[in-house]
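Visitor: What follows is a structure written as structure tokens; I'll ask about it next.
There are 2 protein chains.
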Amino acid sequence: MSKVNLLEKFSLFDSYWDPKIVGELNNQYIKLAKLKGEFLWHHHENEDELFMVVKGHLTIKLRDGDIELNEGEFYIIPKGTEHMPKAENEAYVLMFEPKSTVNTGSADSEKTINNLEKI
Amino acid sequence: MSKVNLLEKFSLFDSYWDPKIVGELNNQYIKLAKLKGEFLWHHHENEDELFMVVKGHLTIKLRDGDIELNEGEFYIIPKGTEHMPKAENEAYVLMFEPKSTVNTGSADSEKTINNLEKI
Numbered sequence: 001m002s003k004v005n006l007l008e009k010f011s012l013f014d015s016y017w018d019p020k021i022v023g024e025l026n027n028q029y030i031k032l033a034k035l036k037g038e039f040l041w042h043h044h045e046n047e048d049e050l051f052m053v054v055k056g057h058l059t060i061k062l063r064d065g066d067i068e069l070n071e072g073e074f075y076i077i078p079k080g081t082e083h084m085p086k087a088e089n090e091a092y093v094l095m096f097e098p099k100s101t102v103n104t105g106s107a108d109s110e111k112t113i114n115n116l117e118k119i
Numbered sequence: 001m002s003k004v005n006l007l008e009k010f011s012l013f014d015s016y017w018d019p020k021i022v023g024e025l026n027n028q029y030i031k032l033a034k035l036k037g038e039f040l041w042h043h044h045e046n047e048d049e050l051f052m053v054v055k056g057h058l059t060i061k062l063r064d065g066d067i068e069l070n071e072g073e074f075y076i077i078p079k080g081t082e083h084m085p086k087a088e089n090e091a092y093v094l095m096f097e098p099k100s101t102v103n104t105g106s107a108d109s110e111k112t113i114n115n116l117e118k119i
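Same order as they appear, the protein sequences are chains A and B. My numbering puts the first residue of the first sequence at 1, with every later residue one more than the last. My numbering puts the first residue of the second sequence at 1, with every later residue one more than the last.
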């Protein structure tokens, strides 16, 4: 593989809530997504999930409070924990998670993406 | 857990080649390290290893060429691949790898750190 420049990869797509795979290691994926607006409440039964903000601001709503993430900050959502990502303005986000993770987790929805694109 | 601010965490230590654990998920660790100078040639038998530059510039020497990483760039070293990280000037680096990964991999050395600190 070659090295990955995060901002270069982000420039390759415009869609929101549409994670792209940019790296794979130890049965985990590195994904990038542009987020804007609200997603939906869901949890991942078996996978912890990391969100790191590369640009902008992201709110991760949890049932017991909100996590506010700025550029250069990350949060790990433990498996089983209900959450809803929300970005008032466009946010660039990096995710680390097992290959098995589905974006909408427990919630089947028209927002579910089953075949992620590698870029 | 609370959210993690990368630069705040880097401000908590000054030592070089002394990775600190700042997150754990899915049997993997997120580690931060300050690098300066040359490390040593080694490989990891069973683990792929990700290096992402948070600040500065990092060279990853491989047997068939060098990878040059700037801020916002990452590279995944496949298991079994010999490598030597090198930073002419101080570099802040994030690593993502299985909990089992030892910093010096195959090479036993006075640089080996067996009990990583969580910060």
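Don't be surprised by glycine CBs; every beta carbon is placed ideally from N, CA and C. Only a predicted model underlies this, so the values are computations on that prediction, with no experimental measurement involved.
I'd like to know whether the C-beta of residue 72 of chain B is nearer than 9 angstroms to at least one C-beta of chain A.
Guide: Counted from its first residue, the second sequence places residue 72 of chain B at position 72. So, interface residue.
Visitor: Strictly below 9 angstroms CB to CB, what residues from chain B border residue 1 of chain A?
Guide: For this step, residue 1 of chain A is matched to residue 1 along the first sequence. 75, 76 and 78, listed in chain order.
Visitor: Taking all protein chains shown into account, do 16 or more other C-beta atoms lie within 10 angstroms of the C-beta of residue 37 of chain B, making it buried, or fewer, making it exposed?
Guide: The count along the second sequence starts at 1 and reaches residue 37 of chain B at position 37. Answer is exposed; the Cβ neighbour count stays below 16.
Visitor: Could you pull out every unbroken beta strand (DSSP E) segment of at least 3 residues lying fully inside the stretch 3-58 of chain B, listed in chain order?
Guide: With a minimum length of 3 residues, the continuous beta strand (DSSP E) runs that stay inside the stretch 3-58 of chain B are 20-25, 28-38 and 49-55.
Visitor: What is the C-beta distance between residue 129 of chain A and residue 92 of chain A, in whole angstroms, given that I count them as a contact (C-beta under 8 angstroms)?
Guide: Residue 129 of chain A falls outside the range modelled here, since chain A spans only 1 to 119, and no answer is possible.
Visitor: Grab me the residues of residue 79 of chain A's own chain with a C-beta within less than 6 angstroms of its C-beta, minus the 5 sequence neighbours each way, in chain order.
Guide: The residue labelled residue 79 of chain A in the question sits at position 79 within the first sequence. If we look at residue 79 of chain A and ignore the five residues flanking it on each side, its Cβ neighbours are 44, 46, 47 and 48.
Visitor: Contact criterion: CB-CB distance below 9 angstroms. Does residue 23 of chain A meet it with respect to chain B?
Guide: Numbered from its first residue, the first sequence carries residue 23 of chain A at position 23. Yes, residue 23 of chain A counts as interfacial toward chain B.
Visitor: I need the straight-line Cα distance from residue 58 of chain A to residue 108 of chain B, nearest angstrom please.
Guide: Position 58 of the first sequence holds residue 58 of chain A. Position 108 of the second sequence holds residue 108 of chain B. Looking at the two C-alpha atoms, the distance is approximately 42 angstroms.
Visitor: Out of curiosity, what's the CA-to-CA distance linking residue 35 of chain B and residue 6 of chain B?
Guide: As a position in the second sequence, residue 35 of chain B is number 35, starting the count at 1. As a position in the second sequence, residue 6 of chain B is number 6, starting the count at 1. Residue 35 of chain B and residue 6 of chain B: Cα-Cα distance of roughly 15 angstroms.
Visitor: Give the DSSP-derived three-state secondary structure of residue 71 of chain B in the structure shown.
Guide: Walking along the second sequence from the start, residue 71 of chain B turns up at place 71. Looking at residue 71 of chain B - three-state DSSP - the assignment turns out to be coil, as it is neither helix nor strand.
Visitor: For a contact meaning CB atoms closer than 8 angstroms, what does residue 88 of chain B contact in chain A?
Guide: As a working mapping, residue 88 of chain B is identified with position 88 in the second sequence. Ordered by position in chain A, no residue passes the 8 angstroms Cβ test against residue 88 of chain B, which lies about 17 angstroms from the chain.
Visitor: Indicate the three-state DSSP secondary structure (helix, strand or coil) for residue 89 of chain A in the structure shown.
Guide: Residue numbering aside, residue 89 of chain A sits at position 89 when the first sequence is read from its first letter. Here residue 89 of chain A sits in strand by DSSP.
Visitor: By DSSP, does residue 98 of chain A sit in helix, in strand, or in coil?
Guide: Your numbering for residue 98 of chain A matches position 98 in the first sequence. Residue 98 of chain A falls in the strand class under three-state DSSP.
Visitor: For residue 87 of chain B, collect the residues of the same chain with a Cβ closer than 6 angstroms to its Cβ; drop the 5 residues on either side in sequence, then sort them by chain order.
Guide: Along the second sequence, read from residue 1 onward, the residue named residue 87 of chain B stands at position 87. Excluding its 5 nearest sequence neighbours in each direction, residue 87 of chain B has C-beta neighbours in its own chain below 6 angstroms: 35, 36 and 58, listed in chain order.
Visitor: Between residue 39 of chain B and residue 75 of chain B, how many whole angstroms is the CB-CB distance? I'm expecting something under 8 angstroms.
Guide: Taking the first residue of the second sequence as position 1, residue 39 of chain B is located at position 39. Taking the first residue of the second sequence as position 1, residue 75 of chain B is located at position 75. Actually they are not in contact, since the Cβ atoms of residue 39 of chain B and residue 75 of chain B sit about 15 angstroms apart, beyond 8 angstroms.
Visitor: Taking just the CA atoms, how far does residue 81 of chain B sit from residue 112 of chain A?
Guide: Your numbering for residue 112 of chain A matches position 112 in the first sequence. Your numbering for residue 81 of chain B matches position 81 in the second sequence. Computed Cα separation, rounded: 36 angstroms.
Visitor: Assuming residue 98 of chain B and residue 28 of chain B make a contact with CB atoms under 8 angstroms, what is their CB distance in whole Å?
Guide: On the second sequence, residue 98 of chain B is found 98 positions in, with the first residue counted as 1. On the second sequence, residue 28 of chain B is found 28 positions in, with the first residue counted as 1. Taking C-beta atoms under 8 angstroms as the contact rule, residue 98 of chain B and residue 28 of chain B qualify, at a distance of about 6 angstroms.
Visitor: Using a Cβ-Cβ cutoff of less than 6 angstroms, which residues in the same chain neighbour residue 42 of chain A once the five nearest sequence positions on both sides are dropped?
Guide: Here the question's residue 42 of chain A lines up with position 42 in the first sequence. Excluding residues within five positions, the ones whose Cβ falls inside 6 angstroms are 104, 105, 106 and 107.
Visitor: Under 9 angstroms, Cβ to Cβ, is there at least one residue of chain B near residue 103 of chain A?
Guide: Translated into positions along the first sequence, residue 103 of chain A becomes position 103. Not one chain B Cβ lies under 9 angstroms of residue 103 of chain A.
Visitor: Mind checking residue 12 of chain A: buried by the 16 CB within 10 Å criterion, or exposed?
Guide: The residue you call residue 12 of chain A lines up with position 12 of the first sequence. It counts as exposed.
Visitor: Between the beta-carbon of residue 53 of chain B and the beta-carbon of residue 118 of chain B, is there less than 9 angstroms?
Guide: For the purposes of this step, residue 53 of chain B is identified with residue 53 of the second sequence, where counting begins at 1. For the purposes of this step, residue 118 of chain B is identified with residue 118 of the second sequence, where counting begins at 1. Taking 9 angstroms as the Cβ cut-off, residue 53 of chain B and residue 118 of chain B do not qualify as a contacting pair.
Visitor: Below 9 angstroms between beta carbons: does that hold for residue 25 of chain A and residue 94 of chain A?
Guide: The residue you call residue 25 of chain A lines up with position 25 of the first sequence. The residue you call residue 94 of chain A lines up with position 94 of the first sequence. Result no, Cβ atoms of residue 25 of chain A and residue 94 of chain A do not sit closer than 9 angstroms.
Visitor: Just to confirm, are residue 73 of chain A and residue 4 of chain B a CB contact at a threshold of 9 angstroms?
Guide: Indexing the first sequence from 1 puts residue 73 of chain A at position 73. Indexing the second sequence from 1 puts residue 4 of chain B at position 4. Yes, the pair counts as a contact, with Cβ atoms nearer than the cut-off.
Visitor: Can you look up residue 76 of chain A in the DSSP assignment and give me helix, strand or coil?
Guide: Position 76 of the first sequence holds residue 76 of chain A. Three-state DSSP puts residue 76 of chain A in a strand.
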